[in-house]
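Read the structure below first, then the notes.
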Amino acid sequence: MKRRDFLIGTGAAATLALARGRIALATPAADELIWGDDLPGSLDPHALSDVPMQGYMINVYDTLYVNKENPPKLEPWLATGHTVSEDATTVTFKLHDGVKFHDGSPLTSEDVVWSFRRMLNVKKGPAAAFLPVLDPDSVSAPDATSVVFKLKKPYAPFVAATPLVAIVNRRLIEPNIKDNDWGQAWLASNAAGSGSYIADISTYQPVQQIDLKRNHDHFKGWSDNKSPVEIVRKRTIAETTTRVNALIKGDIDATDSYLPVDQVERVMGSKTATVSKDQSMRVMVLRMNNRKPPFDNLNFRLAMSHAFNYKGFIDGVLKGFAVRNAGPIPVNLWGAPKDLAAYDFNLDSAKELLAKAKAEGAPVDREIEIHIQQHLAQTTQAAQILQQGCRKIGINLKIVPNLWPQLIASTAKSESTPDMWVHWVSSYFIDPENWIGQMYDSQFAGTWKASCWYKNDKVDSLLREARGHEDQSKRRPLYEEASRLVVADAADIWIYNAIELRGLSNRLRGFHFTPIGSGADFRSMSLAS
Amino acid sequence: MTRFVLHRLLLTIPALFGLLVLTFIMMRVLPNDPSAALAGENATPAQIAAVRKAYGFDEPLWKQFVIYVEQVARGDLGNSIISNRPVLRDIADRLPATIELTFVSLAFAACVGIPLGTLAAVWYQSLFDHAMRIVTVAGLAIASFWFAIIAQMIFAMELDWLPLRGRFPEGLAPPLHITGLYLVDSLLTLRFDQLGKAVVHIILPAFTLSLAGLASIARFTRAGVLETMQKEFVHYAEAAGYARRRIVWVYVLRNSVVGATTQIGLLFGGLISSAVAVESIFDWPGVGSYAVNAILTSDYKAVLAVTLVVGLIYAIVNILVDVVHAWLDPRVAESL
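Line order of the protein sequences matches chains A and B. Sequential numbering from 1 applies to the first sequence in the working numbering. Sequential numbering from 1 applies to the second sequence in the working numbering.
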């Protein structure tokens with residue numbers, strides 16, 4: 001065949017293919033769910049503990065307990081229940097019989113022990129919540145369906161934190177351990193779970209895509225969902241505009257849950273999709289480095305707290321899709337005082353407080369830096385709102401673009417922690433400990449959550465006492481009192497509790513929002529024809 | 001010619017080493033410590049320090065660099081500190097998509113830009129020439145991400161002629177992996193149904209990516225043709241009675257596209273960097289989106305690897321351009 005003939009033939013064939021009308025443009029199949037949300041950076045559930053990992057883990061792995069509904073309720077899952085010893089240091093879980101991993105091997109108490117030991121030895125992601133109270137050798141399995149945890153000290157949030165720990169299949173991981181790495185290199189791009197969906201590793205491309213197939217043999221059965229989704233295609237679509245267009249066009253069934261507010265009306269106005277608006281447990285906070293002058297001055301911190309236009313930000317920028325949060329604990333979680341008065345936007349008060357701070361010798365005239373996360377537009381918008389208020393009272397606030405890894409690295413020391421920075425505290429586990437406990441107990445200084453370097457002996461004492469009680473009715477007043485003290489000290493500027501906005505296709509049924517995983521629990525979902 | 005190619009190849013070695021040094025310094029001198037991200041949420045300073053030690057981030061910078069260069073010399077670009085996978089594997093998975101997109105864009109830019117530039121020169125100061133000038137200036141000025149969104153809104157959302165995103169329809173098996181280039185693989189396996197699907201998916205991103213290059217090539221070609229048209233051999237050919245079409249498209253064009261050819265080589269680098277935005281908007285699974293994610297997560301091994309691989313490709317493309325240049329104008333090779 002001559003080159004010219006080949007080219008003509010190829011061109012003709014391509015033209016013919018194109019001319020045959022529509023070349024099947026991307027449209028989801030009837031039993032396939034296309035989930036357009038971010039994937040975790042690694043598939044190892046013990047290496048990461050962020051929001052994308054939760055969305056993956058709750059489907060591919062099982063945990064002792066899970067969170068369901070909103071506000072979330074802690075429910076036994078692999079465990080049938082648990083008991084706590086009188087001294088609150090021994091927690092015993094009973095497991096379901098007949099649970100199987102995806103490879104068909106049985107999930108026993110030995111697997112739970114091995115999983116917790118792996119998590120504690122890997123020392124990443126979820127480990128931080130357990131390392132202060134649990135040694136790897138303190139987990140044991142007296143029989144096939146019992147697991148015993150001996151804690152170093154009473155730690156009430158322990159059970160609430162167990163949904164962080166995926167139970168992994170050691171039979172798959174152990175042969176792939178290299179250089180004593182607990183199989184980290186292998187599990188980063190493989191799966192070893194027992195969850196409702198099975199990861200199809202052949203489709204995996206890091207932070208890009210993975211397909212999940214329904215686990216017909218899941219131990220919970222499927223009687224609660226008559227027409228579950230057979231295949232879920234998880235796809236990261238980096239660009240917001242493309243994600244929203246793809247939803248409206250019918251290419252995907254769900255966006256992420258951080259839909260920009262200016263896109264809500266557009267999605268709602270389409271015939272193909274809607275927006276689920278769910279109050280979450282995700283508090284936006286402007287951190288202040290309490291050790292750096294002038295932030296070591298209470299009046300200065302109070303002045304900053306009055307210089308932020310809360311209503312303007314929530315109603316104007318966020319179009320009302322947020323709930324004002326007066327303190328560190330989400331308003332919809334127990335432990336948050338119902339009578340806590342929020343700071344208001346009051347420039348006259350701010351000026352007075354600033355004058356007091358100046359009179360007390362605080363260096364209020366120096367340039368203050370607020371670091372934003374440059375790929376998250378809302379952190380810039382919040383900083384700009386504060387900058388406007390500061391300008392009116394004579395504070396020179398400079399906005400500095402930064403990135404998450406650099407920011408959390410900088411918080412290891414008070415000298416390197418920025419004057420101020422902006423972030424959210426998401427719901428990694430549902431307990432006040434996740435917010436006020438880890439943010440304002442001074443023993444956590446040097447972690448990003450405690451990056452305000454706040455120290456109040458009374459608060460430390462209240463938080464430590466609260467951890468020691470199993471009874472929620474005893475813990476609640478302690479957290480409420482600690483909240484009042486932290487807010488009175490204006491340790492940080494708390495802005496709002498998020499309303500998560502997730503675009504959903506009209507054919508999607510059974511979406512139930514829970515803050516853990518942001519509603520990405522595919523077990524309950526189905527697709528209308 | 002062999003000596004010429006070897007000379008060009010040898011020159012790429014110090015260039016790539018320079019690139020390696022520069023990127024390493026930029027990534028590691030900046031306040032950029034991935035240990036905290038690796039240690040995870042709520043990690044204590046002691047846990048972060050342990051991770052720093054485990055990954056060797058506590059070693060002196062020169063030592064880290066020597067270790068890295070040794071690894072690169074062995075062909076090992078290391079593991080991603082986030083995904084824990086070999087970065088070369090991640091890049092190999094994605095590189096064909098970027099190469100395919102870039103080369104189709106480049107081919108489109110050259111195939112359309114050269115004739116348009118030639119016609120603009122032939123019809124100098126005509127309405128077509130003026131229109132071309134406006135179009136090419138617009139092509140250079142318009143931001144690719146803006147044009148990409150507009151193109152999506154018109155051709156994917158309103159008219160529904162072309163897909164909005166992706167490289168191949170969801171749920172359908174892509175062409176059998178031979179080269180990783182869907183257009184080539186579907187042709188090699190004679191799967192014209194797959195070829196059609198791959199073509200419709202690449203049209204919008206490739207056209208968007210080609211816009212600036214097309215404008216640039218058209219302008220260079222126009223300038224080259226105008227200059228050549230004034231040469232004596234052209235007047236001689238006209239006097240000798242050669243057909244105008246033959247004079248322009250055979251003799252004048254060959255003598256005019258040397259500048260445009262060099263431009264194509266330089267454009268390649270620009271296209272690769274523009275591909276970051278275009279890939280992101282069209283959800284094209286190439287190295288651009290991988291690089292962006294690596295930067296956001298301070299995954300410095302992935303950033304270094306992407307820079308090195310793209311630098312290598314850039315060097316190869318420029319060697320090819322030099323070879324074409326030497327073929328078009330033999331004096332270039334003889335000058336060595």
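Glycine residues also receive a C-beta, built at the ideal position from the N, C-alpha and C atoms.
Asked	Found
Cβ-based burial, V177 (chain B) [other Cβ within 10 Å; buried from 16]	The amino acid occupying residue 177 (chain B) in the given sequence is His; Val does not appear at that position. H177 (chain B) is exposed by the Cβ-count criterion.
Collapsed DSSP secondary structure at Y454 (chain A) in the structure displayed	coil
Proximity below 9 Å, CB of V317 (chain A) to CB of A383 (chain A)	no
Whole-angstrom distance between F145 (chain B) and L101 (chain B), CA atom to CA atom	15 Å
R243 (chain A) vs G517 (chain A) beta-carbon contact at 9 Å	no
Neighbour flag for N255 (chain B) against chain A, beta carbons, 9 Å	no
Contact check, L501 (chain A) vs L33 (chain A), beta carbons under 9 Å	no
Beta-carbon proximity check, F103 (chain B) vs F207 (chain B), cutoff 9 Å	no
Listed by chain order, chain B residues near E415 (chain A) by CB distance under 7 Å	Correct list: empty, because the minimum Cβ distance to chain B is about 13 Å.
Other residues of its chain near A24 (chain A): CB distance less than 6 Å, five sequence neighbours each side excluded	Any reading at A24 (chain A) is ruled out, since the residue's pLDDT is 46, under 50, leaving its predicted position unreliable.
First and last residue of the uninterrupted beta strand (DSSP E) at Y65 (chain A)	65-68
For I372 (chain A) and Q387 (chain A), believed in contact at Cβ under 8 Å, the rounded distance	About 11 Å; that fails the 8 Å criterion.
Within chain B, the residues that A29 (chain A) reaches when beta carbons sit closer than 7 Å	G171
Alpha carbon of V317 (chain B) to alpha carbon of L308 (chain B), nearest angstrom	14 Å
CB-CB length for V147 (chain A) against S109 (chain A), believed under 8 Å	5 Å
Selected residue, minimal CA-CA separation from D450 (chain A), among A:P418, A:E481, A:S257	Looking at the sequence provided, one finds Ala at residue 450 (chain A) rather than Asp. The shortest Cα separation from A450 (chain A) among A:P418, A:E481, A:S257 belongs to A:P418.
Three-state secondary structure (DSSP) of R502 (chain A)	strand
heavy atom of the ligand FMN below 8 Å from E465 (chain A) C-beta	Looking for the ligand FMN in the displayed structure turns up nothing, as the structure carries no ligands at all.
Chain-ordered neighbours of D93 (chain B) on chain A, where CB pairs are closer than 7 Å	Q205
One or two residues paired with V84 (chain A) in a DSSP bridge	A:V91
Endpoints, the alpha helix (DSSP H) within which I48 (chain B) is located	45-54
CB contact check: I316 (chain B) to chain A, cutoff 9 Å	no
C-alpha gap between G446 (chain A) and S414 (chain A), whole angstroms	7 Å
Limits of the alpha helix (DSSP H) - the one that T274 (chain A) falls within	Where T274 (chain A) is concerned, there is no enclosing alpha helix (DSSP H), although the beta strand (DSSP E) it sits in stretches over 273-288.
Continuous beta strand (DSSP E) stretch holding D58 (chain B): start and end	That residue, D58 (chain B), is in no beta strand (DSSP E); it is neither H nor E in DSSP.
C-alpha gap between L140 (chain B) and A120 (chain B), whole angstroms	17 Å
Buried/exposed call for K123 (chain A), threshold 16 Cβ in 10 Å	buried
Reduced DSSP secondary structure (H/G/I, E/B, other) of D489 (chain A)	coil
Spatial neighbours of A246 (chain A) in its chain, beta-carbon cut-off 7 Å, leaving aside the 5 residues before and after	G36, I237, I252
Below-9 Å beta-carbon distance, G361 (chain A) vs any chain B residue	no
CB-CB length for F268 (chain B) against L9 (chain B), believed under 8 Å	The pair is not a contact, with the Cβ atoms about 17 Å apart (cut-off 8 Å).
Under 7 Å (Cβ pairs) to chain B, residues found in the segment 370-381 of chain A	H375
Same chain only: Cβ atoms within 7 Å of V487 (chain A), ignoring 5 sequence neighbours per side	A326, G327, L340
Residue of B:L22, B:F65, B:L187, B:F220 minimising C-alpha distance to T136 (chain B)	B:F220
For H325 (chain B), three-class secondary structure by DSSP	helix
Residue of A:N59, A:D62, A:V60, A:L39 minimising C-alpha distance to V51 (chain A)	A:L39
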